[in-house]
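Asker:
Chains as they are written, first to last, in my numbering: chain A, 1 to 710; chain B, 1 to 73.
1. Using a Cβ-Cβ cut-off of 8 angstroms (strictly less than) and excluding sequence neighbours within five positions of residue 667 of chain A, which residues of its own chain qualify?
2. Helix, strand or coil for residue 367 of chain A? Go by DSSP, reduced to three states.
3. Against residue 512 of chain A, what residues of chain B qualify as contacts under a CB-to-CB distance less than 9 angstroms, listed in chain order?
4. Inspect the CB distances between the region 579 to 588 of chain A and the region 670 to 682 of chain A and report whether three or more fall short of 8 angstroms.
5. Taking all protein chains shown into account, do 16 or more other C-beta atoms lie within 10 angstroms of the C-beta of residue 618 of chain A, making it buried, or fewer, making it exposed?
6. Under 8 angstroms, Cβ to Cβ, is there at least one residue of chain B near residue 554 of chain A?
7. Which whole-angstrom value is the C-beta distance of residue 754 of chain A and residue 390 of chain A, which I expect to be below 8 angstroms?
8. Rounded C-beta distance between residue 466 of chain A and residue 7 of chain A? I'm assuming under 8 angstroms.
9. Residue 117 of chain A to residue 230 of chain A, Cα distance in whole Å?
10. Please go through the same chain and pick out, in chain order, the residues whose beta-carbon is closer than 7 angstroms to the beta-carbon of residue 279 of chain A, but skip the five residues on each side of it.
11. Report the rounded CA-to-CA distance for residue 311 of chain A versus residue 286 of chain A, giving the unit in angstroms.
12. Residue 45 of chain B CB to nearest chain A CB: under 8 angstroms?
13. Can you tell me whether DSSP reads residue 150 of chain A as helix, strand or coil?
14. Could you pull out every residue in the same chain whose Cβ sits closer than 6 angstroms to the Cβ of residue 445 of chain A, ignoring the five residues on either side in sequence?
15. Name the one or two DSSP bridge partners that residue 337 of chain A has.
16. Kindly list, in the order they appear in chain A, the residues whose Cβ is closer than 8 angstroms to that of residue 48 of chain B.
17. Work out the CA separation of residue 233 of chain A and residue 292 of chain A for me, nearest whole Å.
18. What is the DSSP secondary structure of residue 582 of chain A, reduced to helix, strand or coil?
19. Is the beta carbon of residue 694 of chain A less than 8 angstroms from the beta carbon of residue 594 of chain A?
20. Return the bridge partner residues of residue 188 of chain A from the DSSP annotation.
21. Which of helix, strand or coil does DSSP assign to residue 130 of chain A?
22. Output yes or no for whether 8 angstroms exceeds the beta carbon distance between residue 71 of chain A and residue 357 of chain A.
23. Can you tell me whether residue 370 of chain A is buried or exposed, with buried defined as 16 or more other CB within 10 angstroms of its CB?
24. Does the CB of residue 270 of chain A have a neighbour CB from chain B at under 8 angstroms?
25. Among the candidates A:558, A:669, A:254, A:566, whose CA atom is the shortest distance from the CA of residue 573 of chain A?
26. With DSSP as the reference, identify every bridge partner of residue 85 of chain A, one or two as the case may be.
27. Strictly under 8 angstroms for the Cβ-Cβ distance: is residue 245 of chain A near chain B by that measure?
28. Name, please, each residue of chain B whose Cβ falls closer than 7 angstroms to the Cβ of residue 236 of chain A.
29. Taking only beta-carbon atoms, is residue 692 of chain A less than 8 angstroms away from chain B?
30. Please name the residue or residues paired with residue 6 of chain A in a DSSP beta bridge.
31. In chain B, what lies closer than 9 angstroms to residue 241 of chain A by C-beta?
32. If I follow the unbroken alpha helix (DSSP H) through residue 42 of chain B, where does it start and stop?
33. With C-beta atoms as the reference, is residue 262 of chain A less than 8 angstroms away from residue 528 of chain A?
34. DSSP beta-bridge partners for residue 55 of chain A?
35. Going along the chain, which unbroken runs of the alpha helix (DSSP H) with 4 or more residues stay wholly within the region 662 to 706 of chain A?
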């Protein structure tokens, strides 16, 4: 067999590494700012771009897609070339992948801070950027498959399967969740509404965790842990079984984000059952990683790389046990909407993703620069400070979540609320927010140590831009063909077939869970009294979405006595049929708002939004004074009505021509009422529109107390 | 109250049951297939990250200088 010479491209790996470090610091700093705002609300500055509800999605997107995303590309571009014994298929595609991804991240920073958002978690970017994401993702896949196809190593190592599964599933999730109708260049409405939108969103949202935060990192683990430990993975057989189990089961778990909501019961049960089943393949991966070091644990003592990797795998095991526990309905009844969810997320994000990233970088960067790590001691400091940071983050959040939930549910012996004021439950956990922020600061400090260490390492060495390698050319016919020792080996040689089989496996769960909600009408019973939003309410809803109110307020009263007593009638599926997008929320830093309509007078809402502490002393909610000055654009309202009509909302034909007049008439009523309370308001202000929307919430159905004989 | 909110739809339970059977069948097949693997094939595959190419003696660095020495793979 002829030996071929070629060169690995290390420049692209270096570029993605730099981006990982930069966005890691930025994303975590934004997270630290957001965490601090929860006990120092004056840090919101009364300015839109720095307000918690706009910067929280900036933080989540920065750490998931900018930090983790660039780390994935860095790790994949390094490992894939060496596992395939081939240079990346196209240097041009590599560059497009890199610069395209950074431009997408920049666009996120610009749009989110300016209130341009879809409000769908981890998919907040508006439609033009969604298209850009799809293009760049295709570029990445094209480059990856091109490399795999021209490989010199016929067998695809397990890491490559995870990369393939990541590519196709993220593509599927992104495309399906991004079906939206543009209204303008920077505004769209999703195709789905209410229950279906919630289900598609959390099918996407959970599988973004699965196939962006888990599967690519499992692939990276399967490469970098053996490399760092200098020994093969514990069980290749286990890796085959856990790979297929994981990618099949994970997809079904999405409804565990919607337990005790208006989602049909059968879908909720599926989410719970498959979440519990997921423990097995997840722990298969964890055990495979940990047992790789059997008989060599002494190496961990002296090697910070192994410390990071082993704690990462352990955190993965913790998070993938805690997650299924949280998916059990009786546990979820306590945990949902609380900081327990935040604790769970961050054990995974800081432990699994963060630590594995730095373990990988500490191993890889010295080799890119042909040198040794500048300071092993500094890396050890990073590890221990980061580890303490994870503990100081998660432990107070566990306490906060359980404390707040139990306070919500506490009744006196006389059957009244022990804590009738929601704000009491928030103030009780503020000290835990302080400790959490300290944990985040520790973690970020560790990251800064890492950045310094890696920068010094780069400076003491010299980048090996083109790393020469040699490998035998691939034979045209595999010597074992016709005598395959096992059938899976066939799949491991054929990347396109592997891709197709993977696609079928991941598609099954989504089809089973999502399609019936569209085809079977009784899933979402209609309620005749539920009507479309008026034009002013629609504009107000768009203000609610733009300002990110869903980040702190839910709109889903669960069928528990503690919720119906506090908020009103539990939320029914049919109430959300015109909600494009749904606004059920996933966290209650503030109270649920689904039944807030007509609870407080308009003047209360006006004063509350301008400065919350005037109506709720001690509140940590940010101020929104610009909403009284900024105006709704009435020129855009008819287009919004027409878009809603296209999406099936039953506005009368031609209503778009009456929408502006209707809007002004409703606004006049509100400002007359505000005037009676001594408030001079602009009828075209965003705040008047928002008040109209808030006053509509939950009022479509009325419980007739007289008919109930009360 | 919960029954009112969470309506069951007659016949829909067949789909997840089919899904479970599909999974169990696939799981069984994959388990049997991997059980029957030859040890030599397993060892070969698991060592792939450790044997990822013979690196040549020279490499071009960022400064353009030629550097000699073994690669790090």
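Here a beta-carbon is modelled for each residue, glycine too, at the ideal position from N, C-alpha and C. All values reported here derive from a predicted model rather than from experimental measurement.
Answerer: Checking against the coordinates, here is how it stands:
1. 536, 683, 684, 688, 689, 692
2. helix
3. 15, 16, 18, 19
4. no
5. exposed
6. no
7. Any answer about residue 754 of chain A is impossible in this case: the structure gives chain A only from 1 up to 710.
8. 4 angstroms
9. 46 angstroms
10. 320, 321, 324
11. 11 angstroms
12. yes
13. coil
14. 385
15. A:587
16. 83, 153, 155, 157
17. 5 angstroms
18. coil
19. no
20. A:182
21. helix
22. yes
23. buried
24. yes
25. A:558
26. Partner(s): none; residue 85 of chain A has no beta bridge.
27. yes
28. 42, 45, 46
29. no
30. A:469
31. 27, 30, 31, 34
32. 39 to 46
33. no
34. Beta-bridge pairing links residue 55 of chain A to no other residue.
35. 686 to 696
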